[in-house]
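Chains as they are written, first to last, in the numbering used here: chain A, 1 to 168; chain B, 169 to 438. See structure below.
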Amino acid sequence: MKDLFASLYNKVLSFFHQAENKDKESAKDVACNRLKLVLMQDRTNLSPAIMERMRNELIDLLSKYLELDRELLDLNLAQEDDQMALMLSIPVIRAKDEKEIEEILKAEDEKNEINNEESDEESESDSDENEENENSEDDESDDEEALEDEDTEDDEESEESENDSEEK
Amino acid sequence: MTGRVIVITSGKGGVGKTTTSANIGTALAKAGNKVVLIDTDIGLRNLDLLLGLENRIVYTIVDVVEERCKLRQALVKDKKNPNLSLLAAAQTRDKTSVNADQLKDICEQLKKKYDFILVDCPAGIEQGFQNAVAGASEAIVVTTPEMSAVRDADRIIGLLEAREEIESYKLLLNRVRPNLIESNDMMSVEDVVEILSAELIGVIPEDTGIITSTNKGEPIVNDDNALAGQAYRNVAKRIMGEDVPFLDLRQPKGIVDKIKNLFTKLKGKV
Numbered sequence: 001m002k003d004l005f006a007s008l009y010n011k012v013l014s015f016f017h018q019a020e021n022k023d024k025e026s027a028k029d030v031a032c033n034r035l036k037l038v039l040m041q042d043r044t045n046l047s048p049a050i051m052e053r054m055r056n057e058l059i060d061l062l063s064k065y066l067e068l069d070r071e072l073l074d075l076n077l078a079q080e081d082d083q084m085a086l087m088l089s090i091p092v093i094r095a096k097d098e099k100e101i102e103e104i105l106k107a108e109d110e111k112n113e114i115n116n117e118e119s120d121e122e123s124e125s126d127s128d129e130n131e132e133n134e135n136s137e138d139d140e141s142d143d144e145e146a147l148e149d150e151d152t153e154d155d156e157e158s159e160e161s162e163n164d165s166e167e168k
Numbered sequence: 169m170t171g172r173v174i175v176i177t178s179g180k181g182g183v184g185k186t187t188t189s190a191n192i193g194t195a196l197a198k199a200g201n202k203v204v205l206i207d208t209d210i211g212l213r214n215l216d217l218l219l220g221l222e223n224r225i226v227y228t229i230v231d232v233v234e235e236r237c238k239l240r241q242a243l244v245k246d247k248k249n250p251n252l253s254l255l256a257a258a259q260t261r262d263k264t265s266v267n268a269d270q271l272k273d274i275c276e277q278l279k280k281k282y283d284f285i286l287v288d289c290p291a292g293i294e295q296g297f298q299n300a301v302a303g304a305s306e307a308i309v310v311t312t313p314e315m316s317a318v319r320d321a322d323r324i325i326g327l328l329e330a331r332e333e334i335e336s337y338k339l340l341l342n343r344v345r346p347n348l349i350e351s352n353d354m355m356s357v358e359d360v361v362e363i364l365s366a367e368l369i370g371v372i373p374e375d376t377g378i379i380t381s382t383n384k385g386e387p388i389v390n391d392d393n394a395l396a397g398q399a400y401r402n403v404a405k406r407i408m409g410e411d412v413p414f415l416d417l418r419q420p421k422g423i424v425d426k427i428k429n430l431f432t433k434l435k436g437k438v
């Protein structure tokens, strides 16, 4: 009977102790995390508005090849020792298949051609690239490469999110 | 002889630049070095008070610059330690009374006769800071484990790094409260060092003795029993090149000690 009470008492005590510790840990951790973020902005002179723009441009670029979860894409500058790092965590829903990518690139090239009518040379080189893409579609070996690329992309993504969680 | 010119700076006010200057200066002088303390906080001078020299000041740094007196005439010797001198700031003028070149020139002259020239920098990053840093080749950045102080220290470190004449800078963490760190309510020494990625030269515990020592005009390094005094003496040793381990600031945890702490706290409140 005594033992039962003792263990119960200990459990209750440890429960409160844990709760207390969790609360207290946050005060210091919150300070550290807030400071790290604000110092990153101070050091780089990149305002939140510019970071947001960079984030959106990156999403637009990557969306050509991958279907992304726009809301969850996380972009942060972080300091690791003396090196600054851009931490990018990208939740990929799925990689787009070749046809989709083709279409997007084609549409984009057409858009560019309209925009860059003045600079003829650029639009020419763009259409060259487009031809190359069409050629590669015929090669089976290239298809395999593309698949491999998808794999590595996924790997990178998981690595990056790992880094991210470590930081947090 | 070529003395070392060390500027003591922080960005944020009230983190203990002047207290640090007075204590490190006194400790270096006690160890046998010839030391000059320069107060560059023109208009808001306080270093004279901390050293208990406020009644002895005849000439100030502005008088030197405006050639109303010779440099050596303006140096006030410490009461106890003839190795320590103070070049006081003018109280009735402002930061524009002295410029960077003039301060540099003063430091160059003092270098020839003294081992250490410690420049107590005003708060802020404006003219006063620029002047104070001008003659120095080393810097001690004073900060506390508070967000605002650390942020300002980071800014100061950025400005120091941009200056070629500053060969090295070290971090001095002041007002550390070990019991708050232990309960995770305050950033730890390691946290601050990691965030600022700077080399540490000292950790000074919060000590009520600082208040009484300021009131008496007697730096706490002269008190052999005070922990903060010990910490400052260690900083002075590190400046002189000795490898001194950092103090363990954690408070003893026995029941007797706890009761003792309770009584000292009560005593502090009464």
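Where a beta carbon is used, it is the ideal one built from N, C-alpha and C, also for glycine. Please read these numbers as outputs of a predicted model, since none were measured by experiment.
Distance, residue j Cα to residue i Cα
{"i": "R406 (chain B)", "j": "L340 (chain B)", "result": "12 angstroms"}
{"i": "G181 (chain B)", "j": "L217 (chain B)", "result": "17 angstroms"}
{"i": "L46 (chain A)", "j": "G193 (chain B)", "result": "40 angstroms"}
{"i": "V318 (chain B)", "j": "I378 (chain B)", "result": "22 angstroms"}
{"i": "P48 (chain A)", "j": "L77 (chain A)", "result": "11 angstroms"}
{"i": "Y282 (chain B)", "j": "L243 (chain B)", "result": "12 angstroms"}
{"i": "D69 (chain A)", "j": "D60 (chain A)", "result": "12 angstroms"}
{"i": "G385 (chain B)", "j": "L221 (chain B)", "result": "8 angstroms"}
{"i": "L368 (chain B)", "j": "I388 (chain B)", "result": "21 angstroms"}
{"i": "M51 (chain A)", "j": "P346 (chain B)", "result": "38 angstroms"}
{"i": "T187 (chain B)", "j": "L215 (chain B)", "result": "8 angstroms"}
{"i": "A107 (chain A)", "j": "L86 (chain A)", "result": "30 angstroms"}
{"i": "E350 (chain B)", "j": "V371 (chain B)", "result": "15 angstroms"}
{"i": "E98 (chain A)", "j": "I104 (chain A)", "result": "10 angstroms"}
{"i": "K111 (chain A)", "j": "E117 (chain A)", "result": "10 angstroms"}
{"i": "S336 (chain B)", "j": "Y65 (chain A)", "result": "48 angstroms"}
{"i": "T44 (chain A)", "j": "D109 (chain A)", "result": "34 angstroms"}
{"i": "N390 (chain B)", "j": "G397 (chain B)", "result": "7 angstroms"}
{"i": "L4 (chain A)", "j": "L434 (chain B)", "result": "40 angstroms"}
{"i": "A302 (chain B)", "j": "L72 (chain A)", "result": "48 angstroms"}
{"i": "L33 (chain A)", "j": "L39 (chain A)", "result": "Note on identity: in this sequence residue 33 (chain A) is Asn, with Leu being the wrong assignment. One C-alpha to the other measures close to 10 angstroms."}
{"i": "E306 (chain B)", "j": "D416 (chain B)", "result": "27 angstroms"}
{"i": "M169 (chain B)", "j": "F284 (chain B)", "result": "11 angstroms"}
{"i": "V287 (chain B)", "j": "V266 (chain B)", "result": "14 angstroms"}
{"i": "K11 (chain A)", "j": "E57 (chain A)", "result": "52 angstroms"}
{"i": "R94 (chain A)", "j": "K28 (chain A)", "result": "39 angstroms"}
{"i": "R236 (chain B)", "j": "N352 (chain B)", "result": "55 angstroms"}
{"i": "P373 (chain B)", "j": "T380 (chain B)", "result": "15 angstroms"}
{"i": "N299 (chain B)", "j": "T312 (chain B)", "result": "24 angstroms"}
Closest residue to residue i among the options (Cα-Cα distance)
{"i": "A190 (chain B)", "options": "B:Q277, B:I176, B:G303", "result": "B:I176"}
{"i": "V233 (chain B)", "options": "B:N214, B:L271, B:N249", "result": "B:L271"}
{"i": "K96 (chain A)", "options": "A:N116, A:S63, A:S7, A:F5", "result": "A:S63"}
{"i": "A197 (chain B)", "options": "B:G292, B:I427, B:M408, B:R418", "result": "B:M408"}
{"i": "S253 (chain B)", "options": "B:Y227, B:D320, B:Q259, B:D269", "result": "B:Y227"}
{"i": "D231 (chain B)", "options": "B:E314, B:A257, B:I206", "result": "B:A257"}
{"i": "R478 (chain B)", "options": "B:E332, B:I369, B:D375", "result": "There is simply no residue 478 (chain B) to check, as chain B begins at 169 and stops at 438 in what is shown."}
{"i": "V403 (chain B)", "options": "B:D288, B:T208, B:F414", "result": "B:F414"}
{"i": "L219 (chain B)", "options": "B:D246, B:K202, B:V203", "result": "B:D246"}
{"i": "Q259 (chain B)", "options": "B:R213, B:I274, B:E276", "result": "B:R213"}
{"i": "V204 (chain B)", "options": "B:L348, B:E294, B:R240, B:D416", "result": "B:R240"}
{"i": "R418 (chain B)", "options": "B:K238, B:A304, B:V357, B:F431", "result": "B:V357"}
{"i": "K202 (chain B)", "options": "B:K279, B:K338, B:I325", "result": "B:K279"}
{"i": "V361 (chain B)", "options": "B:V173, B:T382, B:A321", "result": "B:A321"}
{"i": "N249 (chain B)", "options": "B:L430, B:A195, B:V173, B:R331", "result": "B:A195"}
{"i": "K238 (chain B)", "options": "B:I325, B:I274, B:G397", "result": "B:I274"}
{"i": "I209 (chain B)", "options": "B:S305, B:Q398, B:E276, B:C289", "result": "Looking at the sequence shown, residue 209 (chain B) is not Ile but Asp. For the residues B:S305, B:Q398, B:E276, B:C289, the minimum Cα distance to D209 (chain B) belongs to B:C289."}
{"i": "E100 (chain A)", "options": "A:L72, A:E67, A:I114", "result": "A:E67"}
{"i": "V30 (chain A)", "options": "B:I427, B:L434, B:D359", "result": "B:D359"}
{"i": "S178 (chain B)", "options": "B:M354, B:I225, B:A394, B:G296", "result": "B:G296"}
{"i": "M315 (chain B)", "options": "B:A394, B:E332, B:M355, B:L348", "result": "B:M355"}
{"i": "V173 (chain B)", "options": "B:K185, B:D207, B:A304, B:T264", "result": "B:A304"}
Where residue i meets chain A, residues with beta-carbon distance less than 7 angstroms
{"i": "V318 (chain B)", "result": "L35"}
{"i": "D322 (chain B)", "result": "L39, D42"}
{"i": "M315 (chain B)", "result": "A31, R34, L35"}
Cβ distance (whole Å) where residue i is taken to contact residue j below 8 angstroms
{"i": "V183 (chain B)", "j": "V310 (chain B)", "result": "5 angstroms"}
{"i": "I363 (chain B)", "j": "L35 (chain A)", "result": "6 angstroms"}
{"i": "I334 (chain B)", "j": "I293 (chain B)", "result": "Contact doesn't hold; Cβ gap of about 14 angstroms is too wide."}
{"i": "D262 (chain B)", "j": "G200 (chain B)", "result": "Actually they do not touch by this definition, with Cβ atoms about 37 angstroms apart."}
Per-residue contacts from residue i into chain B (C-beta, under 7 angstroms)
{"i": "V38 (chain A)", "result": "R319"}
{"i": "A6 (chain A)", "result": "Here the premise fails: no neighbours, minimum Cβ distance about 22 angstroms."}
{"i": "A27 (chain A)", "result": "N352, D353"}
Legend entry - Chain-ordered residues of the segment 351-367 of chain B with a beta carbon less than 8 angstroms from chain A: S351, N352, D353, M354, M355, S356, D359, I363, S365
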